[in-house]
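Student:
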Amino acid sequence: MKKQNLNALYPHPYPYVVDVVPPVIHNPISVLYFLCRWIFAGNTSPEYTAEYVDGVVRAVGDAREGLWKMGFFGKGILSRSEPSWDIRTKRRLGLHVEEGVYAPEEVTQFRREQRQHFKAERAKAEEEELKRRQDIDRGLAVADKNEDDKPVRPEFDRDAFLAKSYEMEKRTEDDEVVDSLGNLVDIEFLQLMDVEALFLHMAFGLKVGDMDVKAMVDEFTRKDPRFLTYYAVYHHYRSLGWCVRSGIKFGADFLLYKKGPPFTHAEFCIKVMPKDEPMPDFWWQSNLCRVIGGVKKTTVFCFVDVPKVEGVVDDAKLVEVLKQFKVREVVYRRWIPSRNRD
């Protein structure tokens with residue numbers, strides 16, 4: 543998808559809608575129009591709600607779509623990242639899908655197939671070119687200056703390809719996700735990290751059941767005593783404008799995106815290193831950095847000075863506690879003699 547289309551699809555970096563007032567042109571009508579827009583302008587945050595079930599923060603319905611499209615929060619439990627299970631399942635079961643709507647997994651599958659087909663055609667063209675040149679050298683053929691044997695990337699019918707890839711017998715489990723009217727029952731929800739849930743609650747008023755800040759901190763700290771440390775790091779990078787997502791896929795704690803997964807790949811992998819815990823040995827660090835380096839990302843060790851927290855942590859105290867955290871960053875890059883000679 544082109545960049546301008548992505549910007550139109552994901553215009554807001556956070557679940558907060560800012561009403562932009564028009565420019566003022568030096569005439570009375572434009573001034574009056576500006577004043578009217580300014581007086582009645584409303585910068586609003588959509589009122590999203592989530593639920594806390596079995597130790598997991600779940601967002602469904604409008605909250606699922608809104609939190610993903612406005613900040614790329616959470617992960618669809620039946621998808622790679624963006625909740626797209628309903629689109630893929632509708633297409634697989636032959637149900638109605640809007641024209642031109644494709645899941646990210648389908649786009650990736652289509653591009654891989656197209657790339658493999660192009661490589662096969664290129665290898666075939668190179669083999670034919672080699673044979674033709676050998677025939678010319680032997681005098682069995684004449685060179686044609688106007689001949690262009692460069693392989694051309696083939697045009698694929700995406701809908702036909704996806705229909706063919708989904709050709710399979712209907713499974714017995716499929717009857718459980720289709721109601722009596724033949725409509726798909728959307729069972730996918732958006733799972734939020736605990737740090738995301740607290741950040742959205744504090745900054746944008748996300749309601750997680752009937753939990754307040756105190757209840758959320760108590761519950762999340764009970765599951766992970768280092769929760770406040772990780773939240774301080776998450777809050778730090780979100781406040782700097784980064785899109786922060788889980789980095790467990792690469793053995794890190796967080797991934798940093800400039801805008802979000804649909805735009806670019808993550809640039810940095812963050813590994814949180816609390817000061818009050820022993821440092822991992824060199825071999826552990828080297829293994830981690832080799833994994834992260836293998837996916838073209840930069841490792842950042844985030845050293846955190848953790849203050850001593852006593853008493854109940856409510857809304858007001860959480861702000862004071864966060865001010866006491868100190869975050870220091872160390873960027874790790876492997877020195878390769880053949881690449882870093884200067």
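If you're matching positions, the sequence shown starts at 543 in the numbering used here and goes up one per residue.
For glycine and all other residues, C-beta sits at the position ideal for the given N, C-alpha and C.
Note that the structure is predicted; figures quoted are calculated from it, not measured.
Got a sec? Which residues, its chain only, sit under 7 Å from HIS777 by beta carbon, not counting five neighbours each side?
Tutor: PHE741 and LEU864
Student: Need the endpoints of the beta strand (DSSP E) that ALA794 sits in, please.
Tutor: Run containing ALA794: none; DSSP gives neither H nor E here.
Student: Applying the criterion that 16 or more other CB atoms from any shown protein chain within 10 Å of the CB defines a buried residue, is GLY783 buried or exposed?
Tutor: exposed
Student: Measuring straight from C-alpha to C-alpha, what distance separates SER626 and PHE614?
Tutor: 14 Å
Student: In whole angstroms, what is the alpha-carbon distance linking ASP561 and LYS817?
Tutor: 43 Å
Student: Of all the options THR591, MET612 and GLY603, which has the alpha carbon lying nearest to the alpha carbon of ALA550?
Tutor: Selected option, being the one with the closest Cα: MET612.
Student: Which residue from ALA605, GLU761 and LEU682 puts its Cα closest to that of GLY747?
Tutor: ALA605
Student: Name the DSSP bridge partner or partners of CYS844?
Tutor: VAL814 and GLU871
Student: Taking the beta carbon of GLU648 as the centre, do at least 16 other beta carbons fall within 10 Å, making it buried, or is it exposed?
Tutor: Buried is the call here.
Student: Alpha carbons only, please: which of ALA745, THR841 and MET815 is nearest the one belonging to TYR558?
Tutor: ALA745
Student: Could you tell me whether the region 847 to 860 touches the region 748 to 763, where touching means 3 or more Cβ pairs closer than 8 Å?
Tutor: Judged by Cβ distances under 8 Å, the region 847 to 860 makes contact with the region 748 to 763, as three or more pairs qualify.
Student: What would DSSP say about LYS839, mapped onto helix, strand or coil?
Tutor: coil
Student: Looking at C-alpha atoms only, which residue of ARG657, THR771, SER572 and SER623 is the closest neighbour of ARG870?
Tutor: THR771
Student: Could you please give the first and the last residue of the uninterrupted beta strand (DSSP E) stretch that includes SER788?
Tutor: 785 to 788
Student: Using the beta-carbon count (16 or more within 10 Å), is THR841 buried or exposed?
Tutor: Counting the other Cβ atoms within 10 Å of the Cβ of THR841 gives 16 or more, which makes it buried.
Student: Rounded to whole angstroms, what is the Cα-Cα separation between ASP736 and ARG653?
Tutor: Here the alpha carbon of ASP736 sits roughly 34 Å from the alpha carbon of ARG653.
Student: So, using beta-carbon positions, are ALA739 and PHE867 closer together than 7 Å?
Tutor: no
Student: Can you tell me whether DSSP reads ALA592 as helix, strand or coil?
Tutor: strand
Student: Taking the alpha carbon of GLY802 as the point to measure from, which residue in LYS859, ARG780, MET815 and ALA794 has its own alpha carbon closest?
Tutor: Among LYS859, ARG780, MET815 and ALA794, the Cα nearest to that of GLY802 is on ARG780.
Student: Beta-carbon within less than 8 Å of PRO849's beta-carbon, same chain only, minus the 5 sequence neighbours each way: which residues are those?
Tutor: VAL863, GLN866 and PHE867
Student: Assuming ALA739 is part of the alpha helix (DSSP H), what are its boundary residues?
Tutor: 736 to 746
Student: Give me the DSSP bridge partner(s) of MET612.
Tutor: In DSSP, MET612 forms no bridge with anything.
Student: Are the beta-carbon atoms of CYS844 and ILE812 separated by less than 7 Å?
Tutor: yes
Student: Check the C-beta distance from SER623 over to GLU730 and give it rounded, since I have them as a contact under 8 Å.
Tutor: SER623 to GLU730, Cβ: 12 Å. No contact.
Student: Who pairs with TYR799 in a beta bridge, going by DSSP?
Tutor: CYS785
Student: The beta strand (DSSP E) that contains VAL598, what's its start and end?
Tutor: 598 to 601
Student: In three-state terms, what does DSSP make of VAL750?
Tutor: strand
Student: Nearest CA to the CA of ILE790: which residue from TYR644, TRP825, LEU830 and LEU726?
Tutor: LEU830
Student: In three-state terms, what does DSSP make of LEU726?
Tutor: strand
Student: CA-CA distance, GLU638 and THR631?
Tutor: Glu is not the amino acid found at residue 638; the sequence shown has His there. Whole-angstrom Cα-Cα distance: 10 Å.
Student: Can you tell me whether DSSP reads LYS617 as helix, strand or coil?
Tutor: strand
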